[in-house]
Amino acid sequence: MSGVAKEAVVPIEAVLFTVASLLVLARLTLRTIRQHQSLTISDWFLVASWFDAAALFGTDTAAYKLGGMDEYDPDAPPRDIETTIALAKITFAGNYFYDTGIYLPKLALLALYFKLIPQTLPTLRKCLYATTALTGTFMVTTCFIDTFWCGSNVAVNWDPEGDCSTYESKVVFRIDWGMNLVSDILGMSQPLELYN
1 MSGVAKEAVV PIEAVLFTVA SLLVLARLTL RTIRQHQSLT ISDWFLVASW FDAAALFGTD
61 TAAYKLGGMD EYDPDAPPRD IETTIALAKI TFAGNYFYDT GIYLPKLALL ALYFKLIPQT
121 LPTLRKCLYA TTALTGTFMV TTCFIDTFWC GSNVAVNWDP EGDCSTYESK VVFRIDWGMN
181 LVSDILGMSQ PLELYN
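So, in structure tokens, the structure goes:
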């Protein structure tokens, strides 16, 4: 987070996570208590998204405590080898929660679209099936890229002498970002035909 003091990153993330938690709680309360309905598939994807965000917040907090933001601080003391390895393992785990978990809210939205787009619009339903399949494929692909980008020996990601790290790879970032953008555009364009 460029321009933000390293001490402020975790509190800012905590505030955003709290706001998101309140919104999730409000939706689930509305669905179960106010409407007296059971949770839908979309709601379950939302719950999975919340757990994923909680895990990401946990890994980010642990990384911060180990000096994960110190590369931006010229006055930070050098890390010992055990801390460096632990930090690399935590950031590797956090990659899953961020890169793969970013697709869970999209799947929640697509599940909602299945309720909104009637079967009487077969072309739109086929587009929705294709978008859902592509989004799911991108999610799985992201997970595999995060795992195997540096080869079948995953431990190279936290090896201090290793020359490959999924977390620091700009190519992985660009691939993940590209798939994320494509799935966003496809997902957000699905209901546009309903307005015509």
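Here the sequence shown is numbered in full-length UniProt numbering, starting from 1 and rising by one per residue.
Where a beta carbon is used, it is the ideal one built from N, C-alpha and C, also for glycine.
query	result
Coarse secondary structure for M179, derived from DSSP in three states	helix
Proximity winner among Y167, S38, A26 and G178, relative to I90 (alpha-carbon distances)	Y167
Stretch-stretch touch, CB-based, cutoff 8 Å, three pairs: the region 148-155 with the region 100-117	no
Coil, strand or helix - P118 by DSSP	coil
Inter-residue Cα distance where the pair is T84 and P160	7 Å
Alpha carbon of D163 to alpha carbon of L16, nearest angstrom	35 Å
Reduced DSSP secondary structure (H/G/I, E/B, other) of G68	coil
Y167 (DSSP reduced to helix, strand or coil)	coil
Beta-carbon proximity list for M1, same chain, < 6 Å, skipping 5 on both sides	In this predicted model, M1 has a pLDDT of only 45, less than 50, meaning its place in the structure is not dependable enough to derive any value.
Rounded C-alpha distance that separates L46 from L39	10 Å
The region 169-183 touching the region 128-140, judged by at least three CB pairs closer than 8 Å	yes
Beta-carbon gap between Y113 and L128 smaller than 7 Å	yes
Burial state of D60, where buried means 16 or more other Cβ atoms lie within 10 Å	buried
Check whether I41 and A111 have beta carbons under 7 Å apart	yes
Separation of R125 from P191, as counted between CA atoms	10 Å
Outcome for D75 when other beta-carbon atoms lying within 10 angstroms are tallied against a minimum of 16	exposed
C-alpha gap between E193 and A86, whole angstroms	49 Å
Nearest neighbour of P105, chosen from T29, W44 and A5 [CA to CA]	W44
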